[in-house]
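In our numbering, the protein residues as written are 97 to 514.
Quick reminder that beta carbons are idealized off the backbone N, C-alpha and C, glycines included.
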């Protein structure tokens, strides 16, 4: 029987992406101009899913209000995880709603459709009798960052070991967070001991492997990234723009521009219907400009830039390798490099984000030499002539007064003066 149902786990906050996640959950952060969770839905629909279930929790109204009761005509059912007690606990919230066979995908990662299809194809290749004996099928990708994620060791297509955050360099295969399960997984989750009060789905799968259950893995070369840190959002956007896939929901969302130096979408420049680009502006591929946005005279935008809806880049501003989120204004003569903004940010005239590499403090850890000019969270107001050093994190609602130089971590609601 083909799989038609899928559960998307979208209940987490994403603390390592603060200050961007103070007002919305990680799955709602942008990869290019669209929330991460939309890319997950696209991958599932391409694999034939016709029944979507989403587990929500932290700031759940942001997901529900954005997606609504359906996505591209496919019904969406929401299940609430009241407390964030791990991915396994999250999946349990949908236990009574899904059938005997279903997919599960983490809602806070960007995955190419071929990863989902690889899992579906392997699952469908088994006979009904074989499926009864297989506890799980999961997607595996090769990554140099295996130490950050749950790593996998395969013997053929049999998973023989799962290691969370391995320290040894011999682990290069990563659990990509795309699974096919039967309903027996729920009992396995309930039997998994909680660690620090949480039950993680990879812990359940590791117990199944250790108990000699049949867990299968399919190796895929498709693109996958977990947006753990702000610079991961930039990397995901660069990849999406390079591939030219899913920058908008559908081709009807953009129109080809052949005048004013704005090239058509096939050349790596996507301009949404209703966006306005001045005849003296320059868009350098790859770049995407969402609806109701405006690019002013003399502005240079791109390469590797996603301009969100209702955003203005004013005259002679330069924006490179950045995500400029919805309702944001980049002032005249400003320079913005390797930057992620939140929503409704105001960067006044002649502001400068010089770009990475920089040292970034996330909680108590310093990440050295990361390609991140700055994170400027929701509703930050920089009056003008403000300089942000590489690796700066500016919390929401902060006020940066004229002529200030900002570095490190600026707490939400703070005022920075000369």
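Review point. According to DSSP, is residue 216 helix, strand or coil?
Key: Helix, per DSSP.
In angstroms, rounded to a whole number, what distance separates the CA positions of residue 190 and residue 183?
Our two residues, residue 190 and residue 183, have alpha carbons roughly 12 Å apart in a direct line.
Checklist line | CA nearest to the CA of residue 414, picked from 421, 428, 195 and 507 | finding: Comparing Cα positions, the closest option is 428.
Practice task
For residue 271, name the three-state secondary structure that DSSP assigns.
Solution key: For residue 271, the three-state secondary structure derived from DSSP is strand.
**OP:** Would you list the one or two residues that DSSP bridges to residue 519?
**Re:** Past the edges of the chain, shown from 97 to 514, lies residue 519, and the structure says nothing about it.
- Query: Which first and last residues belong to the alpha helix (DSSP H) in which residue 180 is found?
  - Reply: Counting along the chain, no alpha helix (DSSP H) covers residue 180, and no H or E run does either.
Self-check item: Helix, strand or coil at residue 348 [DSSP, three-state]
Solution: Interpretation of residue 348 is limited by its pLDDT of 39, a score under 50 that renders its predicted location unreliable; no figure is taken from the coordinates.
### Query
The beta strand (DSSP E) with residue 517 in it runs from where to where?
Outside the shown range of the chain (97 to 514) lies residue 517, about which nothing can therefore be said.
Quick one: give me the first and last residue of the alpha helix (DSSP H) that residue 224 is part of.
Its alpha helix (DSSP H) spans residues 224-229.
Return yes when the Cβ of residue 417 is within less than 9 Å of the Cβ of residue 437, no when it is not.
With respect to residue 417, residue 437 sits apart: the two C-beta atoms are not nearer than 9 Å.
inquiry  = If I measure Cβ to Cβ from residue 312 and keep anything under 8 Å in the same chain, skipping five residues before and after, which residues do I get?
reply    = Correct list, in chain order: 218, 230, 232, 233, 234, 253, 254 and 255.
request  = List in chain order: all unbroken beta strand (DSSP E) runs of 3+ residues lying wholly within the region 107-131.
outcome  = Residue ranges of uninterrupted beta strand (DSSP E) with 3 or more members are absent from the region 107-131; none lies entirely inside it.
(message) Helix, strand or coil for residue 468? Go by DSSP, reduced to three states.
(response) Residue state for residue 468 is assigned as coil, using DSSP reduced to three classes.
| message | Let me check you understand the geometry: is the CB of residue 153 closer than 8 Å to at least one non-hydrogen atom of the ligand COA? | response | As for the ligand COA, it is missing from this structure, which has no ligand bound.
Take residue 328 and list the residues in its own chain whose beta-carbon comes closer than 8 Å to its own, dropping the five residues that flank it on each side.
Result list for residue 328: 321 and 322, in chain order.
* For residue 424, which of helix, strand or coil comes out of DSSP? -> Coil, per DSSP.
Task: Secondary structure of residue 202, DSSP reduced to three states - done: Strand.
Q) What number of angstroms, rounded off, separates the C-alpha of residue 334 from the C-alpha of residue 400? A) Looking at the two C-alpha atoms, the distance is approximately 5 Å.
* Which residues in the same chain as residue 124 place their Cβ atom closer than 7 Å to its Cβ, once the five residues preceding and following it in sequence are excluded? -> Excluding residues within five positions, the ones whose Cβ falls inside 7 Å are 131, 133, 158, 159 and 162.
>> Nearest by alpha-carbon distance to residue 147: which of 280, 165 and 153 is it?
In response: Of all alpha-carbon atoms in 280, 165 and 153, the one lying nearest the alpha-carbon of residue 147 is that of 165.
| query | Does DSSP classify residue 482 as helix, strand or coil? | reply | The answer is coil: DSSP assigns residue 482 none of H, G, I, E or B.
For this session: Would you check if the region 291-308 and the region 208-217 touch, i.e. whether three or more CB-CB distances between them fall below 8 Å?
Result: No, they do not touch.
Next item on the list: Locate the alpha helix (DSSP H) running through residue 305, then write down its first and last residues.
Entry: It spans 297-306 - the alpha helix (DSSP H) in which residue 305 sits, taken as one unbroken run.
Residue 221 - partner residues in DSSP beta bridges: Residue pairing from DSSP leaves residue 221 without any beta-bridge partner.
Inset, instruction - Name the two residues that bound the continuous alpha helix (DSSP H) containing residue 333. - result: Residues 326-339.
| query | For residue 281, is the classification buried or exposed, using 16 other Cβ atoms within 10 angstroms of its Cβ as the cut-off for buried? | reply | It counts as buried.
Simplified DSSP assignment, three categories, for residue 461: Strand, per DSSP.
Margin query: Given a cut-off of 9 Å on the beta-carbon distance, is the pair residue 150 and residue 194 in contact?
Written below: For the pair residue 150 and residue 194, the CB atoms are not nearer than the 9 Å cut-off.
*Distance between residue 168 and residue 306 (C-alpha atoms, nearest Å)*: Taking the straight line joining both Cα atoms gives about 40 Å.
Note the first and the last residue of the continuous beta strand (DSSP E) segment covering residue 173.
Residues 170-176.
* How about residue 216 and residue 143: are their beta carbons less than 9 Å apart? -> Result yes, Cβ atoms of residue 216 and residue 143 sit closer than 9 Å.
How many angstroms separate the CA atom of residue 388 from the CA atom of residue 204?
For residue 388 and residue 204, the gap between their C-alpha atoms comes out near 27 Å.
*Compare the Cα-Cα distances from residue 406 to each of 393, 385 and 412 and report the closest residue.*
Checked all of 393, 385 and 412; the closest Cα to residue 406 is 385.
Can you tell me the Cα-Cα spacing of residue 358 and residue 380, whole angstroms? Note on residue 358: pLDDT 37, under 50, position unreliable in the model; no value is reported.
Mind listing, in chain order, the continuous beta strand (DSSP E) runs of no fewer than 3 residues lying wholly within the region 366-428?
Runs of the beta strand (DSSP E) inside the region 366-428: 383-385, 401-403, 414-416 and 418-420.
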